[in-house]
Amino acid sequence: MDDNNRDILARIADRTRQIVAMLRARRTNNETSMRLLHDLLEKQQQDTRQDVALVRLEQLYPLPEKQFDALFSKYGKAKFRWVQEEPANMGAWTYLLFQLYNKKQLELVSRPAAASPATGFKKRHEEQQKELVKVAFE
């Protein structure tokens, strides 16, 4: 992702419109941390979707509430989705739902709830990853 694609508001990085897909991605040397973001950006560019804003949340605690308020104002009528690679019963979803429940309705895009964060099969993981990316843009 080049610097022209980053509008950084403190801990929230933001892109453009009707659907706002939010996800947690940390800038680290670990490539898997940014994989979902990379896949979403690739899909957005392939489909030339300028009606979707991708917002990267780099830090969960303390939650950047002022930046979230600005984001909710900017995209007031958009659908807000939390996109995560982890199953529905894991990851940051429940924390964000609790923190933001009275501010904005969030939809979850994730793998189904499971006892393990990994599918155990590379092919199944890739299928689920494609489905996550597809649903995030619906």
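Letter 61 of the sequence shown, counting from 1, is numbered 61 in our numbering, and no numbers are missing. Glycine included, each C-beta is placed from N, C-alpha and C at the ideal position.
Where Ser-110 falls, given that 16 or more other Cβ within 10 Å makes a residue buried: buried
Alpha carbon to alpha carbon, how far is Gln-46 from Phe-72? 26 Å
Under 8 Å, do Val-83 and Ala-53 count as touching if we go by C-beta distance? no
Cβ shell of Phe-80 (< 6 Å), same chain only, five flanking positions each side left out: Val-20, Lys-104, Leu-106
Taking only three categories from DSSP, how would you classify Arg-35? helix
Using only the alpha-carbon positions, how far apart do Asp-69 and Glu-58 sit? 16 Å
If we ignore side chains and look at the alpha-carbon of each, how far apart do Leu-97 and Leu-108 end up? Those two C-alpha atoms are separated by around 9 Å.
Taking the alpha helix (DSSP H) that Arg-141 falls in, what are its first and last residues? Only positions 1 to 138 of the chain appear in this structure, which leaves residue 141 out of reach.
Collapsed DSSP secondary structure at Leu-60 in the structure displayed: Of the three classes helix, strand and coil, the one that applies to Leu-60 here is coil, per DSSP.
Please work out which residues of its chain come closer than 7 Å, Cβ to Cβ, to Lys-122, disregarding the five sequence neighbours upstream and downstream, and give them in chain order. none
Is it buried or exposed for Gly-76, if we count other Cβ within 10 angstroms and need 16 for buried? By the 10 Å Cβ count, Gly-76 comes out exposed.
Return the chain-ordered list of same chain residues with a C-beta closer than 7 Å to the C-beta of Gln-44, the five sequence neighbours on each side being excluded. Val-52, Leu-54
Check the C-beta distance from Leu-60 over to Tyr-95 and give it rounded, since I have them as a contact under 8 Å. 6 Å
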